[in-house]
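Heads up: the structure comes next, in C-alpha cells.
Residue numbers (my numbering): 308 to 449.
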C-alpha cells in the first residue's frame, strides 16, 4: 500500500483517539483503503494492509508514520465533532504537500469506517481525491 492511503487510515485512527472519546483496541488490524481522483475513471483499491497496534500505538496510531500521518507538522484541524461513535472534521495542511478537506468517520473499539474528501497541491498541480477506509480488528497481534 502506498504511503498516502496508509497514512490516511492511521490519521483517522489518530483523530479518533484524541480527547479520549474513541476506544480503539490494541491488536492486529486489517485496513482497506480505496482512493479515487477526480478526472480519473478508475479508483485505486481497495488496498489491504495488516498492522499490529500496541497499547501506545492504539492511543495514537499515527505515530507509527510520523510526518506521513498527514496530520503532523504543518497540519491543523478545525470544526472537530466527536460524539463517541461518529467523528467529523476539517483540516488544512501547508508545506510541500499542501492540502485541505473534510472527513467523516464512524467507529467502535474493533472497527473504523470513514470517508475523506481532500484537495491537495503537489508540485503546483491540484488534485481532488475521495478516500474510503474500512478497518477492523482481527485479533491479538501475532
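Note that the Cβ used here is the ideal one computed from N, Cα and C, for glycine as well.
Quick caveat: nothing in here was measured; it's all calculated off a predicted structure.
Asked, Found
"Three-state secondary structure assigned by DSSP to residue 339", "strand"
"Residue 384 versus residue 400 - alpha carbon distance", "9 angstroms"
"Beta-carbon contacts of residue 431 that lie in its chain and below 8 angstroms, excluding the five residues immediately before and after", "none"
"Residue 377 - DSSP class collapsed to helix/strand/coil", "At residue 377, the pLDDT of 45 sits below 50, so the modelled position is not reliable; the number obtained from the coordinates is stated separately. Looking at residue 377 - three-state DSSP - the assignment turns out to be coil, as it is neither helix nor strand."
"Outcome for residue 410 when other beta-carbon atoms lying within 10 angstroms are tallied against a minimum of 16", "buried"
"Reduced DSSP category for residue 362 - H, G, I as helix; E, B as strand; rest coil", "helix"
"Check: residue 342 C-beta below 7 angstroms from any heavy atom of the ligand FAD", "Only the bare structure without any ligand can be found here, which leaves the ligand FAD out of the picture."
"Member of 404, 350 and 408 whose CA lies at the smallest distance from the CA of residue 397", "408"
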